[in-house]
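Enquirer:
Protein chains: 2
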Amino acid sequence: MAGRYRSFDEEAVLKQATDVFWTKGYESATTEDLLAAMDLNKGSLYNAFGNKKQLFKTVVNYYTAAIFKNLRTDIDMSDQPVEVIRSLFRKACDPKDPSAHLKGCFLGNAVAELANIDGELEQQAIDKLVTLKNIFKEGLDKARSMGQLPADTDTELTARYLLNIWNGINVTRRMYPYRKDLEPLLKMSLNMLP
Amino acid sequence: MAGRYRSFDEEAVLKQATDVFWTKGYESATTEDLLAAMDLNKGSLYNAFGNKKQLFKTVVNYYTAAIFKNLRTDIDMSDQPVEVIRSLFRKACDPKDPSAHLKGCFLGNAVAELANIDGELEQQAIDKLVTLKNIFKEGLDKARSMGQLPADTDTELTARYLLNIWNGINVTRRMYPYRKDLEPLLKMSLNMLP
DNA sequence: GCCATTTTATACTAATTAGTCAAAAATAAT
DNA sequence: ATTATTTTTGACTAATTAGTATAAAATGGC
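Put into structure tokens, the structure is as follows:
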């Protein structure tokens with residue numbers, strides 16, 4: 001097949017684009033912001049990714065695919081699946097880079113911003129958050145089947161409870177971006193888990 | 001004092017502006033959107049409210065002042081202050097107008113959108129959410145002093161827990177905009193309250 | 001070597017945006 | 001009535017925006 005080779009690494013530029021959309025939001029991220037971060041010119045960006053909306057969709061898929069795959073693997077491998085879930089929350093409350101508190105959750109931000117702006121993009125973000133909830137449920141089901149949760153635990157409801165705590169933490173951590181504040185809150189919020 | 005009278009009702013136009021900022025967000029709300037909803041022309045808007053940023057500040061203050069005043073009055077008047085708090089959450093899960101689910105919480109939306117866009121406006125929204133948390137605490141303190149909560153209840157931590165549930169619900173309700181989904185979630189989330 | 005195809009580079013465009021300005025209208029004080 | 005002051009009206013502006021177009025560069029197939 002003829003044609004010039006792409007001079008950029010698709011994974012690398014998508015990672016840069018993720019960061020721009022995450023910190024600025026969909027509408028406030030300008031094409032110039034994206035081009036600068038991705039180190040591309042307009043022709044290349046539009047040729048490779050279509051337009052801003054398609055790029056956003058691609059970014060959301062790219063970003064979530066890796067995270068969800070890892071989470072599911074961790075739960076599958078672990079003999080304490082609840083601990084995998086706890087660890088996700090702990091990382092949100094005590095991130096390596098404290099500026100992560102200001103960014104919140106990429107998906108939660110998208111749902112909040114896009115509800116009345118672009119229903120299709122909002123729905124995509126909702127679908128991904130539902131997937132996160134489903135992963136929580138898979139972990140809880142596994143824990144229950146291993147006797148680590150009461151047999152009568154409603155794992156769907158508990159998974160939604162965890163999702164709601166997740167959605168909350170990603171706003172609340174911007175108000176209290178300190179481990180000393182978030183840890184007690186998290187402890188209280190997860191106290192129904194073993 | 002000389003000068004032409006204002007032809008508009010300040011409360012009424014601020015209410016309209018609140019709705020535009022709430023549904024569209026700060027940046028996505030254009031001056032044209034605001035002018036149309038407020039039924040003003042540009043000169044009047046800029047003369048009366050300065051600019052878009054000042055208008056947003058005014059709107060946030062106007063919107064929160066009434067709500068917080070009413071909440072505090074209700075708590076002061078009630079002999080079951082926890083019930084006032086529960087009622088606030090119930091209204092969010094089962095609003096008169098179901099389209100309210102798509103709007104979420106005005107303050108939470110602002111915090112999420114503005115963190116990396118305008119620190120001053122973000123801080124204003126954070127301050128108002130802290131006020132909401134403080135009102136929760138006032139209600140919990142009153143309940144505890146009336147023996148409706150265990151004497152050793154950490155009301156500050158519990159108030160933060162409630163704030164986090166609030167922040168979460170206002171994202172989660174966009175995913176599950178139905179009472180049948182939100183009510184069980186709320187029941188589980190508030191089960192530590194009497 | 002030449003051609004078809006793809007990517008890169010950058011100038012350009014049409015639309016939108018927040019904000020300004022100057023003139024007209026309305027009002028109170030004198 | 002005149003004047004000073006404030007509000008209203010709508011045209012105007014400068015900047016920014018997402019997206020397009022066109023040409024050059026790079027590649028494989030023949």
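These protein sequence lines are chains H and W, in that order. Take the first sequence: its letters are residues 1 to 194, numbered as in this note's numbering. Take the second sequence: its letters are residues 1 to 194, numbered as in this note's numbering. Backbone N, C-alpha and C fix where the C-beta goes; we use that ideal spot for every residue, glycine too.
So, with DSSP's three-state summary, where would you put residue 98 of chain W?
Expert: The count along the second sequence starts at 1 and reaches residue 98 of chain W at position 98. Residue 98 of chain W falls in the coil class under three-state DSSP.
Enquirer: Please report the distance separating the alpha-carbon of residue 167 of chain H from that of residue 191 of chain H.
Expert: Along the first sequence, read from residue 1 onward, the residue named residue 167 of chain H stands at position 167. Along the first sequence, read from residue 1 onward, the residue named residue 191 of chain H stands at position 191. About 17 Å.
Enquirer: Are the CB atoms of residue 37 of chain W and residue 20 of chain W within a distance shorter than 8 Å?
Expert: Translated into the one-based positions of the second sequence, residue 20 of chain W becomes position 20. Translated into the one-based positions of the second sequence, residue 37 of chain W becomes position 37. Contact: yes.
Enquirer: Specify the secondary structure class of residue 93 of chain W as computed by DSSP and reduced to three states.
Expert: In the second sequence, the residue the question calls residue 93 of chain W occupies position 93. In the structure shown, residue 93 of chain W sits in a helix (DSSP, three-state: H, G or I).
Enquirer: If contact means a Cβ-Cβ distance below 8 Å, which residues of the region 94 to 113 of chain H contact chain W?
Expert: Correct list: 102, 103, 104, 108, 109, 111, 112, 113.
Enquirer: Using the rule of at least 16 other Cβ atoms within 10 Å of the residue's Cβ for burial, across every protein chain shown, is residue 5 of chain H buried or exposed?
Expert: By 1-based counting over the first sequence, the position of residue 5 of chain H is 5. Label assigned to residue 5 of chain H: exposed.
Enquirer: Go ahead and label residue 81 of chain H buried or exposed: buried means 16 or more other beta carbons lie within 10 angstroms of its beta carbon, across all protein chains shown.
Expert: Start at 1 with the first residue of the first sequence, and residue 81 of chain H comes out as number 81. With 16 or more Cβ atoms within 10 Å of its Cβ, residue 81 of chain H is classed as buried.
Enquirer: Looking at the C-beta of residue 171 of chain H, does it have a partner C-beta in chain W at a distance below 8 Å?
Expert: Counted from its first residue, the first sequence places residue 171 of chain H at position 171. For residue 171 of chain H, the answer is yes, since a Cβ of chain W falls inside 8 Å of its Cβ.
Enquirer: Is residue 174 of chain H close to chain W? Criterion is C-beta to C-beta, closer than 8 Å.
Expert: The sequence position of residue 174 of chain H within the first sequence is 174, counting from 1. Closer than 8 Å to some Cβ of chain W, the Cβ of residue 174 of chain H qualifies, so yes.
Enquirer: Assuming residue 111 of chain H and residue 122 of chain H form a contact by the criterion Cβ under 8 Å, report the distance between their Cβ atoms to the nearest whole angstrom.
Expert: Residue numbering aside, residue 111 of chain H sits at position 111 when the first sequence is read from its first letter. Residue numbering aside, residue 122 of chain H sits at position 122 when the first sequence is read from its first letter. Indeed, because the Cβ distance is near 6 Å, the residues count as touching under 8 Å.
Enquirer: Within the continuous alpha helix (DSSP H) that includes residue 109 of chain H, where are the two ends?
Expert: Walking along the first sequence from the start, residue 109 of chain H turns up at place 109. 106 to 114 is the extent of the alpha helix (DSSP H) around residue 109 of chain H.
Enquirer: Run through DSSP, which three-state label would residue 27 of chain H get?
Expert: Stepping through the first sequence from its first residue, residue 27 of chain H is reached at position 27. Three-state result, residue 27 of chain H: coil.
Enquirer: When the Cβ atoms of the region 159 to 178 of chain H are set against those of the region 159 to 173 of chain W, are three or more pairs found closer than 8 Å?
Expert: Yes: the two stretches touch, three or more of their Cβ pairs being nearer than 8 Å.
Enquirer: Rounded to the nearest angstrom, how far is the Cβ of residue 200 of chain H from that of residue 42 of chain H, given a contact under 8 Å?
Expert: Residue coverage of chain H in this structure runs from 1 to 194, which leaves residue 200 of chain H outside it and unanswerable.
Enquirer: Beta-carbon within less than 8 Å of residue 65 of chain H's beta-carbon, same chain only, minus the 5 sequence neighbours each way: which residues are those?
Expert: Position 65 of the first sequence, counting from 1, holds the residue named residue 65 of chain H. Excluding sequence neighbours, residue 65 of chain H sits near nothing in its chain.
Enquirer: Which ranges does the beta strand (DSSP E) cover as unbroken runs of at least 3 residues, wholly within the region 153 to 178 of chain H, from first to last along the chain?
Expert: With a minimum length of 3 residues, no continuous beta strand (DSSP E) run stays inside the region 153 to 178 of chain H.
Enquirer: Measure the alpha-carbon distance for residue 117 of chain W versus residue 26 of chain W and round it to whole angstroms.
Expert: Working through the second sequence from its first residue, we reach residue 117 of chain W at position 117. Working through the second sequence from its first residue, we reach residue 26 of chain W at position 26. Going by the C-alpha atoms only, they are around 10 Å apart.
Enquirer: Please look up how many angstroms separate the CB atoms of residue 75 of chain H and residue 138 of chain H, rounded, as I've assumed it's under 8 Å.
Expert: Here residue 75 of chain H refers to the residue found at position 75 when the first sequence is read from its first residue. Here residue 138 of chain H refers to the residue found at position 138 when the first sequence is read from its first residue. Confirmed, about 6 Å.
Enquirer: So if I threshold CB-CB distances at 8 Å, which residues from the region 123 to 146 of chain H count as touching chain W?
Expert: Listed in sequence order: 126, 129, 130.
Enquirer: Can you give me the C-alpha to C-alpha distance between residue 72 of chain W and residue 143 of chain W, rounded to a whole angstrom?
Expert: By 1-based counting over the second sequence, the position of residue 72 of chain W is 72. By 1-based counting over the second sequence, the position of residue 143 of chain W is 143. Roughly 14 Å separates the two Cα atoms.
Enquirer: Does the distance from the CB of residue 149 of chain W to the CB of residue 89 of chain W come in under 8 Å?
Expert: The count along the second sequence starts at 1 and reaches residue 149 of chain W at position 149. The count along the second sequence starts at 1 and reaches residue 89 of chain W at position 89. No, they are not a contact pair.
Enquirer: From the DSSP output, in three-state form, read off residue 119 of chain H for me.
Expert: Taking the first residue of the first sequence as position 1, residue 119 of chain H is located at position 119. Helix, per DSSP.
Enquirer: Going by alpha carbons, who is nearest to residue 176 of chain H out of W:126, W:181, W:134?
Expert: Position 176 of the first sequence, counted from the start, is the residue given in the question as residue 176 of chain H. Ranking W:126, W:181, W:134 by Cα distance to residue 176 of chain H puts W:126 first.
Enquirer: For residue 40 of chain H, collect the residues of the same chain with a Cβ closer than 7 Å to its Cβ; drop the 5 residues on either side in sequence, then sort them by chain order.
Expert: Sequence index remark: in the first sequence, residue 40 of chain H carries index 40 (1-based). If we look at residue 40 of chain H and ignore the five residues flanking it on each side, its Cβ neighbours are 8, 13.
Enquirer: At 8 Å on the CB atoms, spell out the chain H contacts of residue 188 of chain W, in chain order.
Expert: The residue given as residue 188 of chain W occupies position 188 in the second sequence. Chain H residues near residue 188 of chain W: 157, 158, 161.
Enquirer: Cβ closer than 7 Å: which chain W residues qualify as neighbours of residue 23 of chain H?
Expert: Against the first sequence, residue 23 of chain H aligns to sequence position 23. Ordered by position in chain W, the residues that pass the 7 Å Cβ test against residue 23 of chain H are 116.
Enquirer: When DSSP labels each residue in this structure, what does residue 6 of chain H get in the three-state scheme?
Expert: In the first sequence, residue 6 of chain H corresponds to position 6, counting from 1. Reduced to three states, the DSSP call for residue 6 of chain H is coil.
Enquirer: Buried or exposed: residue 124 of chain W, going by 16 or more other Cβ atoms within 10 Å of its Cβ?
Expert: Start at 1 with the first residue of the second sequence, and residue 124 of chain W comes out as number 124. With 16 or more Cβ atoms within 10 Å of its Cβ, residue 124 of chain W is classed as buried.
Enquirer: Buried or exposed, going by whether 16 or more other CB atoms sit within 10 Å of the CB of residue 178 of chain H?
Expert: Translated into positions along the first sequence, residue 178 of chain H becomes position 178. By the 10 Å Cβ count, residue 178 of chain H comes out exposed.
Enquirer: Taking the alpha-carbon of residue 140 of chain W as reference, which of W:91, W:101, W:83 has the nearest alpha-carbon?
Expert: To locate residue 140 of chain W, count along the second sequence from 1; it is residue 140. The residue with the shortest Cα to Cα distance from residue 140 of chain W is W:83.
Enquirer: Would you report the Cα separation of residue 70 of chain H and residue 87 of chain H, rounded to the nearest angstrom?
Expert: Translated into the one-based positions of the first sequence, residue 70 of chain H becomes position 70. Translated into the one-based positions of the first sequence, residue 87 of chain H becomes position 87. Rounded to the nearest angstrom, the two C-alpha atoms are 13 Å apart.
Enquirer: Quick one: give me the first and last residue of the alpha helix (DSSP H) that residue 77 of chain H is part of.
Expert: Translated into positions along the first sequence, residue 77 of chain H becomes position 77. 52 to 77 is the span of the alpha helix (DSSP H), which, as asked, contains residue 77 of chain H.
Enquirer: On a CA-only basis, which of W:32, W:136, W:107 is nearest residue 63 of chain W? Give me that one, please.
Expert: Mapped onto the second sequence, residue 63 of chain W falls at position 63. It is W:107 whose Cα lies nearest to the Cα of residue 63 of chain W.
Enquirer: Using a cut-off of 7 Å between C-beta atoms, extract the partners of residue 28 of chain W located in chain H.
Expert: Residue mapping note: residue 28 of chain W aligns to position 28 of the second sequence, counting from 1. Those are 27, 117, listed as they occur along chain H.
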